[in-house]
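>
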Amino acid sequence: MARQPVRRARTNGTKSEAKSATRSATKGATKSTAESTTRGTAKRPANTAAKSPAKSSKKGRARSPARRTAKSRSAAETGTRSATSGPSDRVLQELHLRMARIRKFEEAAGGLMEDGKIPGALHLYVGQEAVASGIMQHLSDEDQITSTHRGHGHLIAKGGAFPEMFAELFGKASGYCKGKGGSMHISNMSLGMLGANGIVGGGPPIAMGAAFSNKFRGTDRVAVCFFGDGASNEGSFHEAANMASLYKLPCIFVCENNGYGEYTAQENHQAIRDVADRAAGYGMPGVVVDGMDVMAVYEAAGEAIDRARRGDGPSLLEAKTYRFFDHVGMRGMGLTYRSDEELEAWRRKDALLSFEAMLLDMGVMTKRKLTSFYKKLDEELAAAIQFAEASPFPDPSELLEDVYSVA
Ligand SMILES: Cc1ncc(C[n+]2csc(CCOP(=O)(O)OP(=O)(O)O)c2C)c(N)n1
Ligand SMILES: [Mg+2]
């Protein structure tokens, strides 16, 4: 059966939790879940402030979304909503910036892999950009995330710099992990990126542990765990969800349901349709959100993250999304596990393009600005790739350094 794009928000969980979760996915102003099904990118969010896009003076991060510390985080910055106001222009521009950075990085990295310049396999995030971007807009560097084998987008949205990322993918000493992590184990503690993970389902226990630490230390930090529909079948997810809920930990489980675990369709690997249904088994809210709509993700994430920061415990957010390329790489495997029609239907919902169209419509972006934006992004990418290619490989004598932590 062809997997069709969805546009809806639905919740489960306890009655009161369901009420609050419904609010999260319906932008506060709507009253019923039925109404929420009509909400989408066509609706213009109200703007309260017109600010210029964030700029950072740090070299190599000039065009990264603003990096924030917990102290500098405010309700306005995190986009906390009321029934009457929507995100500011700055938030809208940052959401766009995050998505565009992911798209361009992934296309460039995929091409370099196909050309044999980047060793190994890259699992590209193209198509899923709205999920990482909508969530990360609410997080500071102190908040932690755990990622997956499809992790570049998570790190970019968290503020990862292109030069160190490309260098890591090339296996160079100037990479985030000195070239020893590569695509599937890239991490950066100062950004709160606890790691991509080649082990499907490896992230949830780590995020739960980080959330435990956050609570134990009395901070308001949250830990967000990204995982796939396939990973939602792993015992590690269920154990982490159980413990996070039992101890009311500030943990947000974000299932990026792209309909497939490798080449196996969801209907062939699990008996349920909505992974969010699994939240009920652990006594936490479960919310389904349109993962191709960055505003919907941003809004639902805001509610789940606020809930976690308040000390009310974890949530499970399921984003219905799609990967535009095959499981690995860009070229395509020539496999018949999904149809061209299905791919085309999801491509028509392209989260980046539809958000750009909305921003143009709103006047937050102009065609001219967009052209120069992409030109600068291309220049930044070219410089980062050049930096990575020119960097040395790690010295063999350092092979065993940084392998184990003694701290
Ligand atoms: C524990 C474990 N089992 C199997 C694999 C092989 N594997 C790599 S990716 C993948 C599919 C994961 O699917 P999903 O969690 O939906 O993530 P997606 O690739 O769709 O982003 C599998 C089975 C693995 N890496 N680790
Ligand atoms: Mg999947």
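Residues in the sequence shown are numbered from 0 upward in steps of one, following numbering that gives the first Met the number 0.
Cβ atoms here follow ideal geometry from the backbone N, Cα and C, with glycine treated the same way.
Here's a check: name, in chain order, each residue in its chain whose Cβ is nearer than 8 Å to the Cβ of T79, leaving out the five neighbours to either side.
Summary for T79: the model assigns pLDDT 35, below 50, so the residue's position carries little reliability; its value from the coordinates is reported in the next sentence. Same-chain partners within the cutoff: G301 and D305.
> Could you spell out where the alpha helix (DSSP H) holding S314 opens and where it closes?
From DSSP, S314 is part of no alpha helix (DSSP H) but of the beta strand (DSSP E) over S314 to K319.
> Is the stretch 215–230 touching the stretch 177–190, taking contact as three or more C-beta pairs under 8 Å?
No: fewer than three Cβ pairs fall under 8 Å.
> How would you write the range of the alpha helix (DSSP H) that Q92 sits in, first residue to last?
Run containing Q92: D88 to E113, per the alpha helix (DSSP H) assignment.
> Cβ of E317 versus every heavy atom of ligand 1: is any distance shorter than 7 Å?
No, the Cβ of E317 stays beyond 7 Å of every heavy atom of ligand 1.
> Keeping to the same chain, check which residues put their C-beta closer than 6 Å to that of R149; ignore five residues upstream and five downstream.
Hits under 6 Å: H122 and Y124.
> Give every residue of the same chain whose Cβ lies closer than 8 Å to the Cβ of G229, excluding the five residues on either side of it in the sequence, and list them in chain order.
Excluding sequence neighbours, G229 sits near V199, Y259, G260, E261, T263 and H268.
> When the Cα of Q265 is compared with those of A382, Y321 and G208, which residue comes out closest?
For Q265, the nearest C-alpha among the options comes from Y321.
> Where does I251 fall in DSSP's three states?
Strand.
> Does L138 come within less than 8 Å of chain C when only Cβ atoms are used?
Any reference to chain C falls outside this structure, which holds one protein chain only.
> Do V199 and ligand 1 come close, with the Cβ less than 7 Å from some heavy atom?
For ligand 1, at least one heavy atom lies less than 7 Å from the Cβ of V199.
> Residues around ligand 2, please: the ones whose beta-carbon is closer than 6 Å to some heavy atom of it, in chain order.
Residues flagged by the Cβ proximity filter: G227, D228, G229, N257, Y259 and G260.
> Does the stretch 321–332 come into contact with the stretch 351–367, if we say contact requires no fewer than three beta-carbon pairs (one atom in each stretch) closer than 8 Å?
In short, these stretches do not touch, since the Cβ pair count stays below three.
> In or out: P395 buried (at least 16 other Cβ within 10 Å) or exposed?
Classification for P395: exposed.
> Is DSSP giving Y281 helix, strand or coil here?
Y281: helix per DSSP, three-state reduction.
> Since V223 is in the alpha helix (DSSP H), which residue starts that stretch and which ends it?
V223 -> not in any alpha helix (DSSP H); beta strand (DSSP E) instead, spanning A222 to G227.
> Which of the three DSSP states is assigned to A48 in this structure?
Low confidence applies here, because A48 scores a pLDDT of 31, under 50, leaving its location unreliable and the question unanswered by this model.
> Does the Cβ-Cβ distance between A318 and E255 come in under 8 Å?
In this structure, E255 lies closer than 8 Å to A318 by Cβ.
> Any heavy atom of ligand 1 closer than 7 Å to the beta-carbon of T145?
The answer is no for T145.
> Consider the C-beta atom of R216 and the heavy atoms of ligand 1; say whether any pair is separated by less than 7 Å.
Checking every heavy atom of ligand 1 against the Cβ of R216, none is found closer than 7 Å.
> Using the Cβ count rule (16 or more neighbours within 10 Å means buried), how would you classify K70?
Model confidence at K70 stands at a pLDDT of 38, short of 50, so the residue's coordinates are unreliable; what they give is reported in the following sentence. The residue in question, K70, is exposed, as its Cβ has fewer than 16 Cβ neighbours within 10 Å.
> Give me the Cα-Cα distance between T37 and G285, rounded to the nearest whole angstrom.
Only weak support exists for where T37 lies, its pLDDT of 27 falling under 50; the value from the coordinates is given anyway. Those two C-alpha atoms are separated by around 20 Å.
> Considering just the uninterrupted stretch of the beta strand (DSSP E) at T145, what are its terminal residues?
Unbroken beta strand (DSSP E) run through T145: Q143 to T145.
> Are there any heavy atoms of ligand 1 lying less than 7 Å away from the beta-carbon of R220, as far as the coordinates show?
No - ligand 1 has no heavy atom lying nearer than 7 Å to the Cβ of R220.
> CB of R149 to nearest heavy atom of ligand 1: below 7 Å?
Checking the Cβ of R149 against ligand 1 gives yes.
> Among G178, G290 and N196, which one has its Cα closest to the Cα of L316?
Of G178, G290 and N196, the residue nearest in Cα terms is G290.
> Rounded to the nearest angstrom, how far is the Cβ of M242 from that of M283, given a contact under 8 Å?
That belief does not hold up - the Cβ atoms of M242 and M283 are roughly 11 Å apart, past 8 Å.
> List the DSSP bridge partners of Y259.
Y259 pairs with A264.
> Consult DSSP for N187 and reduce its assignment to one of helix, strand or coil.
Of the three classes helix, strand and coil, the one that applies to N187 here is strand, per DSSP.
> Between A166 and the rest of its own chain, which residues show a CB-CB distance below 6 Å, the 5 nearest in sequence each way excluded?
Counting only Cβ-Cβ distances below 6 Å, and skipping sequence neighbours, we find S173, G174, A387 and S390.
> Given G109, which residues of its chain have a CB within under 8 Å of its CB, disregarding the five upstream and five downstream residues?
If we look at G109 and ignore the five residues flanking it on each side, its Cβ neighbours are L121, L123, V125, F324, G328 and M329.
> Cutting at 8 Å between CB atoms, please list the residues of its own chain near G197, excluding the five before and the five after it.
Counting only Cβ-Cβ distances below 8 Å, and skipping sequence neighbours, we find H148, M183 and H184.
> If distances are taken between C-alpha atoms only, which option among R347, C250, A270 and M361 comes closest to A307?
Answer by Cα proximity: C250.
> Which residue's Cα is closest to the Cα of F226: L358, K348, A275 and K374?
Taking only the C-alpha atoms, the option nearest F226 is A275.
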